[in-house]
Amino acid sequence: MMTKKIFQMETISCPSCIAKIEGALKRLKGIKKYEVLFNSSRVKVEFDETVLSSKEIIDKIEKVGYTVLSEK
Amino acid sequence: MQKIIFKNKNIITVISATLISLSFMGHWILKDNFYSEFMLIIASVIGVLPIAIQAYQALKVKVVSIDVLVTIAVVAAFAIRNFEESAIVTFLFLFGSYLEKRTLNKTRKAIKELTEMAPETALKLTEDNKYIEVGIEEVTVGDMILVKTGAKVPVDGIVISGEGSVNEASITGESLPVSKSVDSKVYAGTILDNGTIAVNADRVGVDTTFGKIIELVVEAQDSKSEAERFIDRFSKYYTPLVLLVAFFVWLFTRNIELAITILVLGCPGALVIGVPVSNVAGIGNGARHGILLKGSEVIGYFSKVDTIIFDKTGTVTIGKPVVSETIYYGEKKESDLLYLASIERESDHPLANAILESIPLKNYIKVDKTEVIKGKGISAAINDDQILVGNYSLMKEYGINVTEEMIDDIERLELQGNSIVITVINNDIKIIVGVKDQIRDKVKEDIELLKRLKVKNLVMLSGDNQGTVDLVSKELDLTESHGNMLPEEKAEFVENRIENDEIVAFVGDGVNDSPSLALAHVGIAMGSGTDVAIETSDVVLMNSNFSKLPHALALTKATARNMKQNIVIALAVVFILVLGVMFSNIVSMSVGMLVHEASILVVILNGMRLLRFNMK
Chain Z
229 MMTKKIFQME
239 TISCPSCIAK
249 IEGALKRLKG
259 IKKYEVLFNS
269 SRVKVEFDET
279 VLSSKEIIDK
289 IEKVGYTVLS
299 EK
Chain B
146 MQKIIFKNKN
156 IITVISATLI
166 SLSFMGHWIL
176 KDNFYSEFML
186 IIASVIGVLP
196 IAIQAYQALK
206 VKVVSIDVLV
216 TIAVVAAFAI
226 RNFEESAIVT
236 FLFLFGSYLE
246 KRTLNKTRKA
256 IKELTEMAPE
266 TALKLTEDNK
276 YIEVGIEEVT
286 VGDMILVKTG
296 AKVPVDGIVI
306 SGEGSVNEAS
316 ITGESLPVSK
326 SVDSKVYAGT
336 ILDNGTIAVN
346 ADRVGVDTTF
356 GKIIELVVEA
366 QDSKSEAERF
376 IDRFSKYYTP
386 LVLLVAFFVW
396 LFTRNIELAI
406 TILVLGCPGA
416 LVIGVPVSNV
426 AGIGNGARHG
436 ILLKGSEVIG
446 YFSKVDTIIF
456 DKTGTVTIGK
466 PVVSETIYYG
476 EKKESDLLYL
486 ASIERESDHP
496 LANAILESIP
506 LKNYIKVDKT
516 EVIKGKGISA
526 AINDDQILVG
536 NYSLMKEYGI
546 NVTEEMIDDI
556 ERLELQGNSI
566 VITVINNDIK
576 IIVGVKDQIR
586 DKVKEDIELL
596 KRLKVKNLVM
606 LSGDNQGTVD
616 LVSKELDLTE
626 SHGNMLPEEK
636 AEFVENRIEN
646 DEIVAFVGDG
656 VNDSPSLALA
666 HVGIAMGSGT
676 DVAIETSDVV
686 LMNSNFSKLP
696 HALALTKATA
706 RNMKQNIVIA
716 LAVVFILVLG
726 VMFSNIVSMS
736 VGMLVHEASI
746 LVVILNGMRL
756 LRFNMK
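Chains as they are written, first to last, in the numbering used here: chain Z, 229 to 300; chain B, 146 to 761.
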């Protein structure tokens, strides 16, 4: 089962932040689609919930230095 | 540790600035080089910390980010004991990103204001019959909600009790208060100016009209055009390439200073940020003016539009026709009017509504054997009388005798822009009614503005008779107009113009014209907050406000221009800096960083101009 989630991040203001978050997500197992939205400071992901949890995704994003404010 | 450093990035920037100025004071006043160098070393070390951590995180996920380039440059400058450069570069980089964040937030402000207008709490009726305040996420469909004076309506729903007046600016763009009483529909995000109402929730959260509008705009600001996707791909390879070039320059020239200068110059900031900044500011301006633009692709097409095709009814005209003339033939009988009204009552055609409104009756008689003849009218029976109500082609179909006098009347009415409704009782024409739709206020001026904005073809399509269409077209000075068209013929017309290599925008009410709206490069819906309009189109003019159209077009033109300016600025800066490095020695690492950061600020400030854009 594929799950879709949107994470609201703290304000993303540098373009290279996007590359970094994308780089971090790329290496996650079970992730199918991901998109980092610059202006709205959101991360959209589609992932397999049997392999990956949204907490793991948040941890990964926070590890590269960005705070996740909320998820929906 | 990392978090503390990031949290205090601003303080680090200030400390770094202080140390650098202390160092220069030490150099010039105390003439103490040891002291001033010491200050610079501390400034470099604390300044590079947040940058280096970001660089490390980027490298861990195999991304060569700007932070990586800057960190290498600073470390190398440090290694060759050029402490002045390393300190100043780190300071400029930190200060630059602080300013970037500040100004970027300003460009995003318009859209943020919109999302912050979303209601957060509601007074919900509980089981023990009391209203208590709850978070909006706890409200579900069917809940009873109390709204007090000055509060935001938290849901879409129907007023069950009470009355008041509501400011619906957030939905319609119109700030005149609208009065609401029992059975009125109210929308989430609107504000109750006075009174108290109890509302039954029909839709909550993102399902409300306001929720949908917000989602749409939030999504739009990040939608990317082909050009932007190209820049994104390009910048992924660009930074590693710069690193490589700098390395080879060092390898062959053994000139570390030159190599690290190249690293700093290579940062692609302005190019990557320029287009999104214009995009978000342009869409933000639109949102403030009641114009929803669904993304940068739409901006690209709309700014280059050749042909704007309007639907007549509901777009150019108000869409609420009124009876302008009623002509009787033979003996004038009250019962004829009663027949006409009774039959029209069976229909929901706009012309029928107009006629009903013109005949003030309380009681109607029973109608039998009603049959709708599509596009022509109705045939029915009342008591023993055979009755036809419809247009001229219905007369032809039934072989009704139309006299010279009647034909003259019909032609005159049509010339004046009326649609014709003929009533036949037992094969004799008894009544001819002319019904006319009003042209919206100021449409003529708006069309004139569109022409000045270099739209080549302004075309009107309508299902009405050609006479009516020609009349409106002439009054508005349109370039083309076609009557007697069915919705699918309109869509075909749009398709033909697209095949003719024109960039086509279609303006319609979003309900009947969805095929045309979807086909056109830019589908513009006159939406009074209806969901269909919001979903099927590329641009929504809130509150069906035609006069927003010229502003929308001018805004997309300004936004497209702004994007180009930003790309040019970004490329020119890099070009000049590269020339500067190759042919002179003015461009040092810190000058490079200064120009780089300045160029980012220039493109952001340039984008910000769009927020204030106004046509007049």
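Even for Gly, the Cβ is constructed at its ideal location relative to N, Cα and C.
Around the beta-carbon of B:I359, 16 or more other beta-carbon atoms lie within 10 Å, marking it buried. Here the alpha carbons of B:V279 and B:T248 stand approximately 35 angstroms from one another. Excluding five sequence positions before and after B:T624, the CB atoms of its chain that fall closer than 6 angstroms to its own CB belong to N602, L603, given in chain order. Within its own chain, the residues whose Cβ lies closer than 6 angstroms to the Cβ of B:K693, once the five positions on either side in sequence are excluded, are G435, I436, L686, listed in chain order. Contact annotation: in the stretch 250-270 of chain B, residues whose CB is within less than 7 angstroms of a CB in chain Z are N250, R253. If the five residues before and after B:S661 are omitted, its C-beta is found closer than 7 angstroms to the C-beta atoms of K635, A636, V639, F651, G653, all from its own chain and listed in chain order. Judged by DSSP in its simplified three-state form, Z:Q236 adopts strand. In the three-state DSSP reduction, B:G427 falls in the helix class (H, G or I). Where B:T460 is concerned, there is no enclosing beta strand (DSSP E), because DSSP gives it neither an H nor an E.
Around Z:T231, the same chain offers E274, F275, D276, E277, S282 as residues with beta carbons nearer than 8 angstroms, after the five sequence neighbours per side are excluded. One thing to note: B:S181 has its Cβ no nearer than 8 angstroms to the Cβ of B:V219. Going by DSSP, Z:E277 is part of no beta strand (DSSP E) at all; its letter is neither H nor E.
For B:S310, DSSP records a beta bridge to B:S324, B:N339.
Of the candidates B:Q583, B:D609, B:F238, B:D609 places its Cα closest to the Cα of B:I565.
Under the criterion of beta carbons closer than 8 angstroms, B:F240 and B:T335 do not qualify as touching, at roughly 43 angstroms.
Put simply, the stretch 347-361 of chain B does not touch the stretch 373-383 of chain B. Fewer than three CB pairs are less than 8 angstroms apart. Out of B:F228, B:K152, B:K176, the CA that lies nearest to the CA of B:F183 is found in B:F228. Secondary structure at B:F455: strand, using DSSP grouped into helix, strand and coil.
In terms of Cα proximity to B:S538, the closest of B:T568, B:D288, B:L756 is B:T568.
Scanning the stretch 506-534 of chain B from its first residue to its last, the whole beta strand (DSSP E) runs of 3-plus residues come out as 513-518, 522-527. Excluding sequence positions up to five before and after B:E313, its CB lies within less than 6 angstroms of the CB of V323, T335, all in the same chain and listed in chain order. A Cβ-Cβ separation of about 12 angstroms leaves B:G737 out of contact with B:L724 under the 8 angstroms criterion. In this structure, B:A267 and B:V304 do not form a Cβ contact; the two beta carbons are roughly 15 angstroms apart against a cut-off of 8 angstroms. Residue pairing of B:Y243 in beta bridges, as defined by DSSP: absent, with no partner found. DSSP, reduced to helix, strand and coil, places B:I225 outside both helices and strands of the structure shown, so it counts as coil. Counting of Cβ neighbours within 10 angstroms places B:M753 among the buried residues, the total reaching 16 or more.
Below 8 angstroms, too few C-beta pairs join the stretch 201-221 of chain B and the stretch 701-720 of chain B to call them touching: fewer than three.
Z:I286 and Z:A247 have their C-alpha atoms spaced approximately 16 angstroms apart. The beta carbon of B:D352 does not come within 8 angstroms of any beta carbon belonging to chain Z, so the residue lies off that interface.
One alpha carbon belongs to B:V748, the other to B:A426, and they sit about 12 angstroms apart.
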